[in-house]
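Protein chains in written order, with this note's numbering: chain L, 208 to 699; chain V, 1189 to 1512. Quick notes on the structure that follows.
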């Protein structure tokens, strides 16, 4: 627990040198505790009058993901909820498709696709997921928007928190938490709406009649949203999320990262307006500290790449704004790669390094799995048949000396409409079905069907004989399944 | 339920062993956490007063940065300690002597779930149990319930389709050893049956006599037989076999003696098989389900079995008014 060796991944060489130099210069020792008090971070949300380009992108992804998340459960399809994961009935409705627990393989494919996409995008663009799409980021963004509109931006919030409790402070805090809780509860409600029909849930909640697990999970996910986006924020990214810890395994020198151009910026300093910065021996960094103020995880990007950096690019927008005002070119902090900084090549050079073996391998596997999933889903037959041979009775002799075997078919009609099915049996000469050769099955239902097969003893070699039992929809020729089983002959 | 404490292989030592290990571990963790939360270590700071490393250096240049965990993290550990204490108070986690405040047991939980299930499904079973079997057999849902019970309990011998197998009667052909009336089915399932045909080879005589009786048995159902031998076997049959199977060979449902005049055979109707039956006898056991199925369950499965050979007769009309 204590003394955990923490290596900061991919710290720029300059930073390590600076640190070593500092350590060497002043080897002073202090007594410290193993646990540190959490320092409240007040990210500044606005620099200038309009949002920077990357902040616009972030808001675009917030809108896109949240319209999908809050909106999807309300869509209807064929008189039912379009997207519903009915855990109690173990049926998963996805628009025109009904998946059963037996279709778990599709979920496996989706998870593989998700993992590979993460690898691919991380290799190319760094922590794009963290910065733009992760629910932790998205909800924190929404909650900070609420916070700014009620309490004000960084400076006013810091001042408010230092004030003693007053009616005004209490009112502001109450309003903020009230708004947060409202959003959090709506989020929890929406989440539960994916698992229980949301329209019925609305009626129940409106009548305060929701109970049991629905209510529990609404409150649970509501609390999780409120806690994570309101209180925990960067603590989740820094201490709870494993992704930051293994990002170094997915990064390489050609990965796009949010980075500070040390050569251009240093030595940093406010400088004086009386002479040019070059004459004062200063780099382009004017030490305005806005990049630190806007950082939602409270780091200084000028220290190099750190595991705390979620790649949100807020510092890029802030720095670009300052550079523009100061009449210098943008991009002192920018998306670049380690190799680009080292070898001083421009954006076109970065593009030239995108296609590298790692990216090609990820893309290749991702494309293969995606195509495989698409083909599998497209060719999916909405009928499942399990043939269970009767174990107790091996073979029996019936009228006219025929030999009879009994099978139980477990048939699932995974389509949503009822159908009539026909049974066929092949594999032995003269094999005939002695039981009812057709049966009906309602939509999204399962039943067991007894099948008795007969053959003349002279046609059956003694012992086990491979046969095939087929089940075919009488309404739709494309819906057919064949299952292998055995037919036992009698000892002669 | 056996009390494990009373077992001769078990001594009270293990109760204390488990209890002490559990309590010492939990208390030890709490004390360790408390000590660690107060512990201080030396750290290197730079000229600006920023804490940089813990001062540990390996291999000459590998330094350990100081990246402390946030203080709230330690509270998560304290919560786990609190959880263990609460758990050990509520549940029997400290050997067999401490039963826990909730008095929870696995058996108790199982029985509780059975009770819940009974409360849910009991009324459905009770409603069917109150109806005569002929009427229950006409109810599609009841037949499905009966089939489910049949598949779990009866199909092992009688087959999933109830068509039986060699030595196990076909329940769907309308031919019965003990009779197929609904109340007889209930009696059979509840009490079981033991049908015994003793070895009769010696009583009948030698090999030739047994062959003659077998041919006579075949002639009863108009199966292929040697009419000369059959005629000679008739006398033996009427003196010996008729005791159970009747002089006319139509059997006796009271003792489960099969009707030999139809073409329904339990073990097979060839001359060789009949000879084997006469010489060796047969012993058939249908176990009692009295302790396996409840009364209402037997009622339902009997209705299902009855429906197999009486599909046209199942009454869908209202139950007849009770006469008494």
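The beta-carbon is built from N, C-alpha and C at its ideal position, and this holds for glycine as well.
Residues of its chain near residue 213 of chain L, where Cβ-Cβ distance is below 8 Å and the 5 sequence neighbours each way are ignored: Taking the first residue of the first chain as 1, we reach residue 213 of chain L at position 6. With a pLDDT of only 41 at residue 213 of chain L, under 50, the local geometry of the prediction cannot be trusted, and the value read off the model is given with reservation. Taken in chain order, the list of residues that qualify is empty.
9 Å Cβ cut-off: residues of chain V touching residue 696 of chain L: The sequence position of residue 696 of chain L within the first chain is 489, counting from 1. Residues of chain V passing the Cβ test: none, with the nearest at roughly 14 Å.
Within 8 Å of any Cβ in chain L, is that where the Cβ of residue 1233 of chain V sits? Taking the second chain and counting its residues from 1, the one referred to as residue 1233 of chain V is at position 45. Chain L, which has a Cβ nearer than 8 Å to the Cβ of residue 1233 of chain V, makes this yes.
Say whether the region 1395–1414 of chain V touches the region 1446–1464 of chain V, bearing in mind that this needs 3 or more beta-carbon pairs closer than 8 Å, one atom from each stretch. Three or more beta-carbon pairs drawn from the region 1395–1414 of chain V and the region 1446–1464 of chain V are found closer than 8 Å, and the two stretches are therefore classed as touching.
Find the nearest neighbour of residue 1447 of chain V within the set V:1430, V:1467, V:1459, judged by alpha-carbon distance. What you label residue 1447 of chain V is simply residue 259 of the second chain in a count that begins at 1. Nearest of V:1430, V:1467, V:1459 to residue 1447 of chain V, Cα basis: V:1430.
Is residue 1230 of chain V close to chain L? Criterion is C-beta to C-beta, closer than 8 Å. As a position in the second chain, residue 1230 of chain V is number 42, starting the count at 1. By the rule that beta-carbons nearer than 8 Å mark a contact, residue 1230 of chain V touches chain L.
Going by alpha carbons, who is nearest to residue 676 of chain L out of L:656, L:402, L:682, L:412? Working through the first chain from its first residue, we reach residue 676 of chain L at position 469. Residue L:656 is the option with its Cα nearest to residue 676 of chain L.
Going by DSSP, what residue range makes up the beta strand (DSSP E) through residue 1359 of chain V? In the second chain, the residue the question calls residue 1359 of chain V occupies position 171. Looking at the DSSP string, residue 1359 of chain V is not in any beta strand (DSSP E), and its letter there is neither H nor E.
Any beta carbon of chain L sitting closer than 8 Å to that of residue 1487 of chain V? In the second chain, the residue the question calls residue 1487 of chain V occupies position 299. So, not an interface residue.
Would you decide whether residue 1256 of chain V is buried or exposed? Buried here means 16 or more other CB atoms lie within 10 Å of its CB. Here residue 1256 of chain V is taken as the residue at index 68 of the second chain, counted from 1. Burial check for residue 1256 of chain V: the Cβ neighbour count within 10 Å reaches 16 or more, so the residue is buried.
Measure from the C-beta of residue 239 of chain L to each C-beta in chain V and report whether the shortest distance is under 8 Å. The sequence position of residue 239 of chain L within the first chain is 32, counting from 1. Chain V contact via Cβ: present.
Coil, strand or helix - residue 1388 of chain V by DSSP: Counting from one through the second chain, the residue named residue 1388 of chain V turns up at place 200. Residue 1388 of chain V: coil per DSSP, three-state reduction.
Can you grab the Cα-Cα spacing for the pair residue 315 of chain L / residue 253 of chain L, in whole Å? Reading the first chain from its first residue, position 108 is the one you call residue 315 of chain L. Reading the first chain from its first residue, position 46 is the one you call residue 253 of chain L. Distance between the alpha carbons of residue 315 of chain L and residue 253 of chain L: 42 Å.
Can you check the region 1299–1363 of chain V for any alpha helix (DSSP H) of at least 4 residues that lies completely inside it and give the ranges in chain order? Unbroken alpha helix (DSSP H) runs of no fewer than 4 residues, entirely contained in the region 1299–1363 of chain V, are found at 1321–1324, 1328–1341, 1343–1346, following chain order.
Beta-carbon within less than 7 Å of residue 400 of chain L's beta-carbon, same chain only, minus the 5 sequence neighbours each way: which residues are those? As a working note, residue 400 of chain L is residue 193 in the first chain. Residues 280, 408 of the same chain have their beta carbon placed closer than 7 Å to that of residue 400 of chain L, with the five preceding and five following residues left out of the count.
Taking Cβ-Cβ distances shorter than 9 Å, what residues in chain V pair up with residue 645 of chain L? Here residue 645 of chain L corresponds to residue number 438 of the first chain, with the count starting at 1. Simply none; closest approach about 16 Å.
Return the chain-ordered list of same chain residues with a C-beta closer than 7 Å to the C-beta of residue 1480 of chain V, the five sequence neighbours on each side being excluded. Translated into the one-based positions of the second chain, residue 1480 of chain V becomes position 292. The answer, listed in chain order, is 1341.
According to the neighbour-count rule (16 or more other Cβ atoms, all chains shown, within 10 Å of its Cβ), is residue 356 of chain L buried or exposed? Sequence index remark: in the first chain, residue 356 of chain L carries index 149 (1-based). Classification for residue 356 of chain L: exposed.
Would you mind sorting residue 312 of chain L into buried or exposed? The rule is 16 or more other CB atoms within 10 Å of its CB. Your numbering for residue 312 of chain L matches position 105 in the first chain. Its Cβ having fewer than 16 others within 10 Å, residue 312 of chain L is exposed.
Less than 8 Å between the C-beta atoms of residue 1302 of chain V and residue 1486 of chain V, yes or no? Reading the second chain from its first residue, position 114 is the one you call residue 1302 of chain V. Reading the second chain from its first residue, position 298 is the one you call residue 1486 of chain V. No, the pair does not count as a contact, with Cβ atoms beyond the cut-off.
With 8 Å as the threshold, decide whether the Cβ of residue 625 of chain L is near any Cβ in chain V. Working through the first chain from its first residue, we reach residue 625 of chain L at position 418. No, residue 625 of chain L lies away from the interface with chain V (no Cβ there is under 8 Å from its Cβ).
Looking at chain L, is there any beta carbon in it that lies within less than 8 Å of the beta carbon of residue 1259 of chain V? Counting from one through the second chain, the residue named residue 1259 of chain V turns up at place 71. At least one beta carbon of chain L lies nearer than 8 Å to the beta carbon of residue 1259 of chain V.
Less than 8 Å between CB atoms is the rule here; does residue 484 of chain L satisfy it with respect to chain V? As a first step, residue 484 of chain L is located in the first chain; it is residue number 277 there, counting from the start. Interface with chain V (8 Å Cβ-Cβ cutoff): residue 484 of chain L is excluded.
Identify the continuous alpha helix (DSSP H) that holds residue 549 of chain L and give its terminal residues. Working through the first chain from its first residue, we reach residue 549 of chain L at position 342. For residue 549 of chain L, the enclosing alpha helix (DSSP H) starts and ends at 545–550.
Using a C-beta to C-beta distance shorter than 8 Å, which residues of chain L count as neighbours of residue 1262 of chain V? Position 74 of the second chain, counted from the start, is the residue given in the question as residue 1262 of chain V. Ordered by position in chain L, the residues that pass the 8 Å Cβ test against residue 1262 of chain V are 242.
First and last residue of the alpha helix (DSSP H) that includes residue 382 of chain L? The residue labelled residue 382 of chain L in the question sits at position 175 within the first chain. Its alpha helix (DSSP H) spans residues 374–399.
Per-residue contacts from residue 1402 of chain V into chain L (C-beta, under 7 Å): Taking the first residue of the second chain as position 1, residue 1402 of chain V is located at position 214. Correct list: empty, because the minimum Cβ distance to chain L is about 18 Å.
Residue 1467 of chain V versus residue 1437 of chain V: straight-line alpha-carbon distance, rounded: By 1-based counting over the second chain, the position of residue 1467 of chain V is 279. By 1-based counting over the second chain, the position of residue 1437 of chain V is 249. Going by the C-alpha atoms only, they are around 18 Å apart.
Short CB-CB distance (under 8 Å) between residue 1217 of chain V and chain L: Translated into positions along the second chain, residue 1217 of chain V becomes position 29. With a threshold of 8 Å between beta carbons, residue 1217 of chain V makes no contact with chain L.
Decide if residue 1297 of chain V is buried, meaning its Cβ has at least 16 other Cβ atoms within 10 Å, or exposed. Along the second chain, read from residue 1 onward, the residue named residue 1297 of chain V stands at position 109. It is exposed - the Cβ of residue 1297 of chain V has fewer than 16 other Cβ atoms within 10 Å.
Considering Cα atoms alone, identify which of L:628, L:533, L:242 is closest to residue 495 of chain L. Counted from its first residue, the first chain places residue 495 of chain L at position 288. Comparing Cα-Cα distances from residue 495 of chain L to each of L:628, L:533, L:242, the minimum goes to L:533.
Are residue 259 of chain L and residue 524 of chain L touching if we call contact CB-CB under 8 Å? Locating residue 259 of chain L in the first chain gives position 52, counting from the first residue. Locating residue 524 of chain L in the first chain gives position 317, counting from the first residue. Between residue 259 of chain L and residue 524 of chain L, the C-beta spacing is below 8 Å.
Reference residue 246 of chain L, options L:475, L:503, L:617, closest by Cα: As a working note, residue 246 of chain L is residue 39 in the first chain. Looking at the Cα atoms, L:503 is the closest of the given residues.
What would DSSP say about residue 1258 of chain V, mapped onto helix, strand or coil? The count along the second chain starts at 1 and reaches residue 1258 of chain V at position 70. The answer is strand: DSSP assigns residue 1258 of chain V an E or B state.
Taking only runs of the alpha helix (DSSP H) that begin and end inside the region 1441–1497 of chain V, which ones reach a length of at least 4 residues, in chain order? Secondary structure within the region 1441–1497 of chain V: the alpha helix (DSSP H) runs of 4 or more consecutive residues, fully enclosed, are 1459–1468, 1483–1497 (chain order).
For residue 1327 of chain V, return the contacting residues in chain L, with the cut-off set at a CB-CB distance below 7 Å. Counted from its first residue, the second chain places residue 1327 of chain V at position 139. By Cβ distance, chain L contributes nothing, its closest Cβ being about 17 Å from residue 1327 of chain V, past 7 Å.
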